[in-house]
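> In the working numbering, the protein residues as written are 4 to 263.
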Amino acid sequence: MLKGKTALITGSTSGIGKGIAEVLADAGANIVLNGFGNSADIEIIRADMERRNRTRAIYDGADLSDAKQIITMMDHALDQFGTIDILVNNAGIQHVAPIEEFPIEKWNAILAINLSSSFHTIARALPGMKKKGWGRIINIASAHALVASPFKSAYVAAKHGIAGLIKTVALEAAQHGVTANAICPGYVWTPLVEAQIPDTAKARGITEREVIDTVLLEAQPTKQFVKIDEVAAFAAFLTSDAAASITGAILSIDGGWTAQ
Ligand code: NAD
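Next comes the structure, spelled out in structure tokens:
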């Protein structure tokens, strides 16, 4: 389905991004992986994709908090593949603390990685998509692009910002065969969610078990975590021709969280 196309997925060494990269690779796309982690583990992911699908997969370890590194990553990917047909802005970090205690460096890092990095990748990828008359931009936003939770000021601000960015890009690209959408998952069991449990327990004065039951799953009427595979399949659908008219949409996959 995606033979001959190239997909760049930020933050694809772990969690949701890795799941999306695997599904797009299995659909035949060449892949640009990005994110942090143990280099031997990342090489296993990369080599496995190439072997399974007989496509190319490359890895770029650009730190998305640094605009210069993002631009170098994008230029290198464009050099290698000609165009980036599918851009998935997925990398993200979290920090949980009351706003009065929120460290300035955490605010700056979350805004840079969760919001500004998408501005830089989109600005670099869009000209090639427009020229080809086909492109897919997918941001992994969050239910927090639509609603807030206490103690997540930077994350909620950045994710609401993504909704605005995606709508704007969708309008600018609408007549060029390029769609831009944001997927808004509820809680998905990944290292990002696991890591915020101790700080959430501290901020709310409850146990870690209570965080899972009364904060995380409390938000989701299904009382189930969203699965990585579900988000990946949704992203893959957005790359299909059947999704050509879905653009500028802020799409929930949150077990009913934002219906409340
Ligand atoms: P994760 O921690 O498993 O993966 C995050 C990825 O981003 C990793 O590959 C990591 O190396 C990369 N990354 C982090 N900082 C980076 C940087 N400076 N430069 C380059 N790469 C960097 O997390 P996840 O849960 O899979 O989250 C992926 C996305 O999904 C994030 O944008 C997150 O906000 C969003 N999301 C997650 C959930 C959830 O419940 N897990 C819910 C809604 C939205």
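All C-beta atoms in this analysis are idealised placements derived from N, C-alpha and C, irrespective of residue type, glycine included.
Could you spell out the range, first to last residue, of the alpha helix (DSSP H) harbouring A157?
Here the alpha helix (DSSP H) through A157 covers S156 to A176.
> Would you kindly check if the distance between the Cβ of V214 and the Cβ of A198 is under 8 Å?
No.
> In whole angstroms, give me the CA-to-CA distance for A24 and R212.
Answer to the nearest angstrom: the Cα atoms are 31 Å apart.
> Starting from G3, trace the alpha helix (DSSP H) in both directions and tell me its first and last residue.
Since the displayed the chain opens at 4 and closes at 263, residue 3 lies outside it and no answer follows.
> Which residue's Cα is closest to the Cα of L11: K21, A30, L36 and A28?
Checking every option, the nearest Cα to that of L11 belongs to L36.
> Within 7 Å: the Cβ of P194 and any heavy atom of ligand 3?
Looking at this structure, you won't find ligand 3 anywhere; what it does contain is ligand 1.
> In whole angstroms, give me the CA-to-CA distance for P153 and P101.
The straight-line gap from Cα to Cα measures roughly 7 Å.
> Taking DSSP's pairing of strands, which residues face T9 in a bridge?
Its beta-bridge partners are N33.
> Below 8 Å between beta carbons: does that hold for L114 and A157?
Yes.
> Decide if the segment 124–132 is in contact with the segment 74–90; the criterion is three or more beta carbon pairs, one per stretch, under 8 Å apart.
The segment 124–132, when compared against the segment 74–90, does touch it at the 8 Å Cβ threshold.
> On a CA-only basis, which of N184, M76 and N93 is nearest R139? Give me that one, please.
Among N184, M76 and N93, the Cα nearest to that of R139 belongs to N184.
> For the alpha helix (DSSP H) that contains P194, what are its first and last residues?
Element bounds for P194: P194 to R207.
> Distance, Cα to Cα, A30 vs S243?
Looking at the two C-alpha atoms, the distance is approximately 10 Å.
> Taking the straight line between their C-alpha atoms, what separation do you get for A239 and I125?
For A239 and I125, the distance between alpha carbons rounds to 19 Å.
> Can you confirm whether the segment 41–58 touches the segment 66–76 when touching is taken to mean that 3 or more C-beta pairs between the two stretches lie within less than 8 Å?
Judged by Cβ distances under 8 Å, the segment 66–76 makes no contact with the segment 41–58, as fewer than three pairs qualify.
> With H, G and I counted as helix, E and B as strand and the rest as coil, what does DSSP make of N93?
In the structure shown, N93 sits in coil (DSSP, three-state: anything other than H, G, I, E or B).
> To the nearest angstrom, how far is it from the Cα of A19 to the Cα of N142?
The residue you asked about is not Ala; residue 19 is Ile in the sequence shown. Cα to Cα, the separation comes out at about 12 Å.
> CA-CA distance, P201 and I209?
Answer to the nearest angstrom: the Cα atoms are 10 Å apart.
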